[in-house]
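Okay, structure first, notes after.
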Amino acid sequence: MDRRLFLAAAAAAAATSAHAQEAAPAAQPVAPPQPAAKPPTRVAVETPLGRIVIELHTKQAPITTANFLRYVDQKRYDGATFFRASRAPGAPEYGLIQGGVQGDPKRVLPPIAHEPTTKTGLKHVSGTVSIARNAPGTATSDFFILIGDAPGLDADPAASGDNQGFAAFGTVVEGMDVAQKILALPTPGKAINPVMKGQIIDPPLKIISARRVP
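Taken in order, the sequence shown gives residues -20 to -1, 1 to 194; the numbers are from mature numbering (1 follows the signal peptide of the UniProt record, and there is no 0).
What follows is the structure in structure tokens.
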């Protein structure tokens, strides 16, 4: 090949290569893979009337959910009961049902610190699961499920007296129809607490088991 033609061809090839390099987009850094989102913690409560699945709000109410899970993991709710059905006056399809070990000394664990709704941001709406208590800081095993909204159970700093409300910690995601069946059970039982007069299920409904949902 003529030397001049060779140099011209080489120069053209070099220019083409340089142009291709300039036109190629810069390599972008690859983002590291993100860890999979942790699935929510759920507990299935089995009863003779069916299953109730509760999703726990572990981030918002860590103390109350950890307490509930201790009872679940140690099988302390197995053989306990739903013993209370409180129906709204004039609207019996609304109210709450309550279950737990009822202070059984063989099953009850020490009381826990109170987590008011003003701290957790949770609300007592239909399907909410909340922990029963007397004074703040006395809650142990007994929990209740709302059928219908009950904003009066939220903490209210402007109210007088005990204004701390109840500690909501979960939501029913399956089995509200079962909760409604429990609410409709007969309540002729004797109430130790006068507040619960006419609300004690007799016979109480057994909790067959309470287990984490895999």
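Yeah, the Cβ is synthetic: ideal placement off N, Cα and C, and Gly gets one too.
These numbers come from a predicted model, not from an experiment.
Query raised in the report: What is the residue span of the beta strand (DSSP E) that F63 lies within?
Result: T61 to A68
Report task. Could you please give me the residues that DSSP links to I181 through a beta bridge? Result -> Paired residues: none, contrary to the question.
Report task. Give me the Cβ distance between I187 and L29, rounded to the nearest whole Å; I'm assuming they're in contact under 8 Å. Result -> Not confirmed; about 11 Å, so no contact.
**Report entry** N114, buried or exposed, once every other Cβ within 10 Å from all chains shown has been counted against 16
**Finding:** Classification of N114: exposed, given that the 10 Å Cβ count is below 16.
Query - Alpha-carbon spacing of V23 relative to K177, whole angstroms - result: One alpha carbon belongs to V23, the other to K177, and they sit about 30 Å apart.
Query raised in the report: Expressed to the nearest angstrom, what Euclidean distance is found between the alpha-carbon atoms of E35 and A119?
Result: Taking the straight line from one Cα to the other gives about 20 Å.
Requested in this report: Using 10 angstroms around the beta-carbon of E73, count the other beta-carbons present and answer buried if the total reaches 16, otherwise exposed.
Outcome: Exposed, since its Cβ has fewer than 16 Cβ neighbours within 10 Å.
Requested in this report: Please state whether DSSP places E2 in a helix, a strand or coil.
Outcome: With a pLDDT of only 47 at E2, under the threshold of 50, the placement of this residue in the model should not be trusted, and no figure is reported.
Query raised in the report: Would the beta-carbon of F146 fall within 7 Å of that of L76?
Result: no
Query raised in the report: What's the gap between the Cα of S106 and the Cα of A46?
Result: 22 Å
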